[in-house]
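Student: Residues 57 to 243 (the numbering used here) make up the sequence shown, in order. Positions of the beta carbon are idealized from the N, C-alpha and C atoms, including for glycine.
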Amino acid sequence: MMRIFAAAALLCLMSGAALADQAVLTGTLVPECELTIEFDLVASMLHYRTGSAGERCTISPEAAASGLRSALQRSANGPVLQSIFLGRLERFNWIDIARSAAQDKNWDGRAGRPRSGNMNTYVARLLMEKPIIGALSPLAHELAAYGYRLVSASVEKVIVEDMWLAGFPSGRYPVDALVHLHIKKIP
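#1: Count the other CB atoms within 10 Å of the CB of P230; is the residue buried (16 or more) or exposed (fewer)?
#2: Can you give me the start and stop residues for the beta strand (DSSP E) that S210 sits inside?
#3: Thinking C-beta only, is A132 closer than 8 Å to I93?
#4: Is the beta carbon of A121 closer than 8 Å to that of P187?
#5: Where does T114 sit, in a helix, a strand or coil, going by DSSP?
#6: Considering only their Cβ atoms, is the gap separating A209 from L234 smaller than 8 Å?
#7: Could you name the residues that DSSP lists as bridge partners for K186?
#8: So, with DSSP's three-state summary, where would you put H238?
#9: Do I115 and L137 come within 8 Å of each other at the CB atom, strictly closer than that value?
#10: D160 to D232, Cα distance in whole Å?
#11: Quick check on I140: buried or exposed, where buried means 16 or more other Cβ atoms within 10 Å of its Cβ?
#12: For A157 versus W163, is the C-beta spacing smaller than 8 Å?
#13: Could you tell me which residues DSSP puts in a beta bridge with D232?
#14: Less than 8 Å between the C-beta atoms of M175 and V214, yes or no?
#15: Find out if the Cβ-Cβ distance for the pair R147, T106 is shorter than 8 Å.
#16: Do R228 and G168 count as a contact pair if the criterion is CB distance below 8 Å?
#17: Quick check: the Cα distance between W220 and L182, rounded to an integer number of angstroms?
#18: Report the rounded CA-to-CA distance for E118 versus R125, giving the unit in angstroms.
#19: Assign S226 to one of three DSSP states: helix, strand, or coil.
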């Protein structure tokens, strides 16, 4: 209990927030929305949050990396982080899971699901393979600068839609999911 209290006090000092379990580490405006990154003390997690007046809000690779850098700077003296919750993947439209699924022999475009296995596990695997892992490099670069590395991903609530992708047959492809990136401190 004392350890949690001390860590919460440290985070309140770092962020200027008087929250017991969460502290806003950074906030910035990006086109059509506001991006904030919070530190969740209980989960040892950074949480990307977006607020917008409209329904569409896109976070560029540069804004995502800049926000992560700022959050990592402000949390550097806090507890070791275990994960980053990106939230809805559609906000990060440069991470193209639909195109990756279309290129993958394990995706059944007619059925709109993996040929075998669980949908969430399938999309989490896609996130850690080329070319998506390359798209995540701006975040991986910032993590490495603060002594972390990306080790895995987990997803939930995958959304599949009918769509046509240039160079691929029309079909049903994953277009959105809630994404958790699991990270580890480099010894």
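Tutor: This is what the structure gives:
#1: Buried is the call here.
#2: That run of the beta strand (DSSP E) goes Y204 to M219.
#3: Going by C-beta atoms, I93 is not nearer than 8 Å to A132.
#4: Against a cut-off of 8 Å, the Cβ pair of A121 and P187 comes out as no contact.
#5: In the structure shown, T114 adopts coil according to DSSP, grouped into three states.
#6: Cβ atoms of L234 and A209: not closer than 8 Å.
#7: According to DSSP, K186 bridges with nothing at all.
#8: In the three-state reduction of the DSSP assignment, H238 falls in the strand class.
#9: Cβ atoms of L137 and I115: not closer than 8 Å.
#10: Distance between the alpha carbons of D160 and D232 is about 17 Å.
#11: By the neighbour-count definition (other C-beta atoms within 10 Å, threshold 16), I140 is a buried residue.
#12: Cβ distance < 8 Å, so A157 and W163 count as in contact.
#13: DSSP output for D232 lists I215 as bridge partner(s).
#14: Taking 8 Å as the Cβ cut-off, M175 and V214 qualify as a contacting pair.
#15: Closer than 8 Å, so yes.
#16: When the beta-carbon positions are compared, G168 and R228 come within less than 8 Å of each other.
#17: Distance between the alpha carbons of W220 and L182: 19 Å.
#18: Cα to Cα, the separation comes out at about 10 Å.
#19: If DSSP states are grouped into helix, strand and coil, S226 belongs with coil.
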